[in-house]
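Presented below is the structure to which this report refers.
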Amino acid sequence: GTHGNEYTGVWCIHALERVQDKLQQKYPSLHISTLLANPQAHLENKRFVQSDLNREFSKEKLVQAVPPPLSTMDPHDGLPATVESLRAKEIDQLLGPKFYTTKTTTTTTTKNTVLNDNDTQQEHGTILTKPTTDLIVDLHSTTSNMGLTIIIPEGDLLMAQAAAYVLHKCGGKAQNVRCLMHTLPNREDRPNLSSAAKHGFTIEVGPVPQGVLRHDAVEQTERAMYALFDFMQQKFSQNNNDDNLESQLQLAYPTWKVPCFRSAPARRPGEMSGKIPWPSHPDNPNFPAVMVHKSLQDRDFHMIRKGDALFVDLDGNITRYEGTHGDEVYLIFVNEGGYYYASSGTGIGVAVKTEYDLQTGRLLLTRE
21 GTHGNEYTGV WCIHALERVQ DKLQQKYPSL HISTLLANPQ AHLENKRFVQ SDLNREFSKE
81 KLVQAVPPPL STMDPHDGLP ATVESLRAKE IDQLLGPKFY TTKTTTTTTT KNTVLNDNDT
141 QQEHGTILTK PTTDLIVDLH STTSNMGLTI IIPEGDLLMA QAAAYVLHKC GGKAQNVRCL
201 MHTLPNREDR PNLSSAAKHG FTIEVGPVPQ GVLRHDAVEQ TERAMYALFD FMQQKFSQNN
261 NDDNLESQLQ LAYPTWKVPC FRSAPARRPG EMSGKIPWPS HPDNPNFPAV MVHKSLQDRD
321 FHMIRKGDAL FVDLDGNITR YEGTHGDEVY LIFVNEGGYY YASSGTGIGV AVKTEYDLQT
381 GRLLLTRE
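So for the sequence shown, the numbering used here puts the first residue at 21; every next one is plus one.
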């Protein structure tokens, strides 16, 4: 429910709510709760009402004082208030906080100090706590042919091991299941909702049209979600099954290397990863001035090379890939409907094929 017209995750949390007692019995070491992140957008069957909720958890947006409504706001006072910016602050208070602001007063001045989750103590002996939520599992669907994709940040060892476990239990590449690691290892640098907790784990399934429920997509999502629950229960069980869990992972990955894709570094403010942007129509920033070329459609996680066709315009002219992210790259979220919106970041995602170290959660050298 982070995006209101992605119904798969909403269905899954409704299903979880119906079996709370069974969940507690099966996973006694876990406290599993649900949250419909953007209820207004869901009610209106829209990705968002005014701004993308999954881009509202940056330091700039969360730490600023809550501004007055748009109709009464001086544009020079700060960022505009939107349904999603206000909802992000509510979620941050429920599940975070992601950042901490301490006020230290002297005889002459008052100042605010912004802290992140790596800080444990600040001046004047202020003791800080970490976010109240250990893990946010964010459920998404995509109009792109991404299959079942597990998205985690680089350097989070717990999530790296969890992703490896889920990848194995769900069948890996043979079952169109992949892991995508984004290169923003510092939680405070990420603007997405799951960064409000200590750990974030995103399950993305596609292709699914916006505002549509697909039985197979729900099943894929639930398979990954319950595999994650299984991992977390074994990891944190009072019976301490950590040795058994490590043996399972070593059996699945004898070299301790897990195949994955690494998203290209973000180049535009507010983005999670790099994209090949397309131009927008001059009268509507949410309407592309070009189409994704037919040779790319439904070919997520396929390689393109410098010179390959990317876009076609109204006159039939073809825009070709110029090698801006490397001579050979893999495309992700190809023609994703959510990326038609300027506030979500328009364009096609870019990744490279690589591996990560299961013992550190860090990326290894890129595989050519």
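The beta carbon of each residue, even a glycine, is placed where N, CA and C say it ideally should be. Just so it is clear, the structure is predicted and the values come from calculations on it, not from any experiment.
- Here the region 151-160 makes no contact with the region 304-312; the two share fewer than three CB pairs at distances below 8 Å.
- In this structure, the CA atom of GLU208 is about 8 Å from the CA atom of PHE119.
- The beta carbon of LEU384 is closer than 7 Å to those of LYS277, THR374, GLU375, TYR376, ASP377 in its chain, skipping five residues each way along the sequence.
- Taking 8 Å as the cut-off, the Cβ atoms of HIS345 and ALA272 do not count as close.
- CYS32 places its beta carbon 8 Å or farther from that of GLU224.
- Cβ contact annotation for GLY343 (same chain, cutoff 6 Å, sequence separation greater than five): LYS326, in chain order.
- Nearest neighbour of THR22 by Cα position, chosen from PHE221, VAL228, ASP72, ASP41, turns out to be ASP72.
- Contact between ALA371 and ILE352 is confirmed by a C-beta separation of about 5 Å, below the 8 Å threshold.
- The Cβ neighbour count for VAL312, taken over all protein chains shown within 10 Å, is at least 16; the residue is labelled buried.
- Between MET292 and HIS202, the C-beta gap is smaller than 8 Å, which places the two residues in contact.
- Put simply, of SER53, ALA184, SER283, CYS280 the residue whose alpha carbon is nearest the alpha carbon of HIS34 is SER53.
- Between ASN74 and LEU213, the beta carbon gap of about 5 Å places them in contact (Cβ cut-off 8 Å).
- The region 237-255 makes contact with the region 172-190: 3 or more CB pairs, one atom from each, lie closer than 8 Å.
- Straight-line spacing of the CA atoms in GLU37 and TYR341 works out to 46 Å.
- By the C-beta density criterion, PRO117 is buried, having at least 16 other C-beta atoms within 10 angstroms.
- Assignment of HIS219 by DSSP, reduced to helix, strand and coil, places it in the strand class.
- When DSSP assignments are scanned along the region 221-301, the uninterrupted stretches of beta strand (DSSP E) that are 3 or more residues long and fall wholly within it turn out to be 277-283.
- Per DSSP, the continuous beta strand (DSSP E) segment holding ARG198 begins and ends at 197-202.
- In the structure shown, the three-state DSSP call for TYR341 is coil.
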